[in-house]
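**Student:**
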Amino acid sequence: MAPNAKKVSAVTGKKQATAAAKSALKGSFPSKVRKVRLSTTFHRPKTLQLPRNPKFPRKSIPHQPRLGEHQVIIHPLNTESAMKKIEENNTLVFIVDIKANKRQIKESLKKLYDIETIKINTLIRPDGTKKAFARLTADVDALDIAATKLAIV
Numbered sequence: 002m003a004p005n006a007k008k009v010s011a012v013t014g015k016k017q018a019t020a021a022a023k024s025a026l027k028g029s030f031p032s033k034v035r036k037v038r039l040s041t042t043f044h045r046p047k048t049l050q051l052p053r054n055p056k057f058p059r060k061s062i063p064h065q066p067r068l069g070e071h072q073v074i075i076h077p078l079n080t081e082s083a084m085k086k087i088e089e090n091n092t093l094v095f096i097v098d099i100k101a102n103k104r105q106i107k108e109s110l111k112k113l114y115d116i117e118t119i120k121i122n123t124l125i126r127p128d129g130t131k132k133a134f135a136r137l138t139a140d141v142d143a144l145d146i147a148a149t150k151l152a153i154v
């Protein structure tokens with residue numbers, strides 16, 4: 002067994018020697034592969050952005066809603082021009098809080114009176130109050146709602 006093992010080691014040793022001689026002659030420097038750049042402008046690579054994991058809340062208690070549905074709508078308007086809007090344009094007119102926006106007005110009408118609106122138009126009157134025109138959906142009659150739910154007709 003010993004002579005056979007010597008032969009095998011001699012063959013592998015010879016292979017190693019030829020490989021070493023070849024690399025010494027050629028040089029064992031690998032050819033450098035360059036990255037192909039497709040744009041002339043350099044873009045900084047996107048780095049890892051971990052989601053926030055706060056140790057404590059920045060606000061101890063969430064803020065109370067500034068305007069509830071009862072603060073948003075002050076009262077319905079029943080002037081002659083408002084009555085004309087109710088009859089001809091299927092629109093209800095309300096005096097609302099000056100800080101209320103259209104989304105808050107729409108939400109308040111839904112909660113208080115169960116009224117579905119198409120859109121809300123607002124204006125600020127010369128006396129400093131805000132007037133809201135609530136256009137109702139076609140399947141609902143504004144005159145009927147004004148009589149039953151608002152009691153202004």
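So for the sequence shown, our numbering puts the first residue at 2; every next one is plus one. Idealized CB from N, CA, C, for every residue including glycine. Bear in mind that the values here come from a model prediction, so they are computed numbers and not experimental data.
Sort Ala-18, Phe-43, Leu-124, Glu-108 by Cα distance to Glu-117 and report the nearest one.
**Tutor:** Nearest of Ala-18, Phe-43, Leu-124, Glu-108 to Glu-117, Cα basis: Glu-108.
**Student:** Locate the alpha helix (DSSP H) running through His-76, then write down its first and last residues.
**Tutor:** No alpha helix (DSSP H) contains His-76, which is instead part of the beta strand (DSSP E) from 74-77.
**Student:** Measuring alpha carbon to alpha carbon, tell me which of Leu-26, Lys-36, Leu-137, Val-12 ends up nearest Glu-89.
**Tutor:** For Glu-89, the nearest C-alpha among the options comes from Leu-137.
**Student:** Please return the same chain residues whose Cβ sits closer than 7 Å to the Cβ of Arg-38, not counting the five positions on each side in sequence.
**Tutor:** Taken in chain order, the list of residues that qualify is empty.
**Student:** Using 8 Å as the cut-off, can you tell me whether the stretch 94-102 makes contact with the stretch 52-70, which would need three or more C-beta pairs spanning the two stretches below that distance?
**Tutor:** With a cut-off of 8 Å, the stretch 52-70 and the stretch 94-102 count as touching, because enough Cβ pairs lie within range.
**Student:** Let me know the secondary structure DSSP gives Lys-107 once reduced to three states.
**Tutor:** Helix, per DSSP.
**Student:** Would you mind giving the Cβ-Cβ distance between Ile-106 and Ile-125, rounded to the nearest angstrom? I have them listed as a contact below 8 Å.
**Tutor:** The pair is not a contact, with the Cβ atoms about 13 Å apart (cut-off 8 Å).
**Student:** How many Å lie between Ile-75 and Ser-61 at the Cα?
**Tutor:** Going by the C-alpha atoms only, they are around 32 Å apart.
**Student:** Could you check if Pro-77 is buried or exposed, using at least 16 other CB atoms within 10 Å of its CB as the buried criterion?
**Tutor:** So Pro-77 ends up on the buried side.
**Student:** Name the DSSP beta bridge partners of Lys-120, please?
**Tutor:** According to DSSP, Lys-120 bridges with Arg-136.
**Student:** Distance, Cα to Cα, Thr-149 vs His-64?
**Tutor:** Distance between the alpha carbons of Thr-149 and His-64 is about 36 Å.
**Student:** According to DSSP, is Ile-87 helix, strand or coil?
**Tutor:** Ile-87 falls in the helix class under three-state DSSP.
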